[in-house]
Amino acid sequence: VSVIVFSLAARSVIADHYYIPSESMEYSLLVGDRVLVDKRVYGLRLPFTNIEVLEGRSPERGEVVIFDSPESDVRLIKRVVAEEGDRVEVVGGKLLINGEKLPGDMSVDHEIFGERTALLNLEAGGGPDMKPKIVTEGAVMVMGDNR
Numbered sequence: 001v002s003v004i005v006f007s008l009a010a011r012s013v014i015a016d017h018y019y020i021p022s023e024s025m026e027y028s029l030l031v032g033d034r035v036l037v038d039k040r041v042y043g044l045r046l047p048f049t050n051i052e053v054l055e056g057r058s059p060e061r062g063e064v065v066i067f068d069s070p071e072s073d074v075r076l077i078k079r080v081v082a083e084e085g086d087r088v089e090v091v092g093g094k095l096l097i098n099g100e101k102l103p104g105d106m107s108v109d110h111e112i113f114g115e116r117t118a119l120l121n122l123e124a125g126g127g128p129d130m131k132p133k134i135v136t137e138g139a140v141m142v143m144g145d146n147r
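For the sequence shown, UniProt numbering gives the first residue as 1, with consecutive numbering after it.
So, in structure tokens, the structure goes:
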């Protein structure tokens, strides 16, 4: 019994694995891929609670994050595309951060976020245009790589 409790607590606090169920992150992550997640990066909390024991850092642009959808009981995996204070818009299917297109080789659909490169699936045109939005304090903006 103690081994089971320890295993559940470790999955709740330290690390867990997730299965990729959809195409939202193609071509970086494919349907059926499995990912291992280090949950300590953004802070350590007591198992089975939201009580934070050690403060972590905030997600950074380019990182892939897993979170529970605020609209349903679905767990989502997306890429952080903008941080607090950034101005974000989509024009002609291209993501603009603070008025600048993200760097990348136009012969290959990808975006570069500092040291991280995201492979994109833009076969559907990169998604609908989005009017400029400012990312609010304490928040990040996420998108799938399959746009």
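Cβ atoms here follow ideal geometry from the backbone N, Cα and C, with glycine treated the same way.
- Beta-bridge annotation (DSSP): K78 is paired with V65.
- Burial is judged here by how many other beta carbons sit within 10 angstroms of a residue's own beta carbon; I66 has fewer than 16 and is exposed.
- P21: not part of any beta strand (DSSP E); DSSP gives it neither H nor E.
- By the beta-carbon neighbour count (other beta carbons within 10 angstroms, threshold 16), D129 is exposed.
- Per DSSP, E137 lies in no beta strand (DSSP E) segment and is marked neither H nor E.
- If you look at R87, you'll find it in the beta strand (DSSP E) that goes 87 to 91.
- Around the beta carbon of V80, a 10 Å sphere encloses 16 or more other beta carbons of the protein chains shown; the residue is thus reported as buried.
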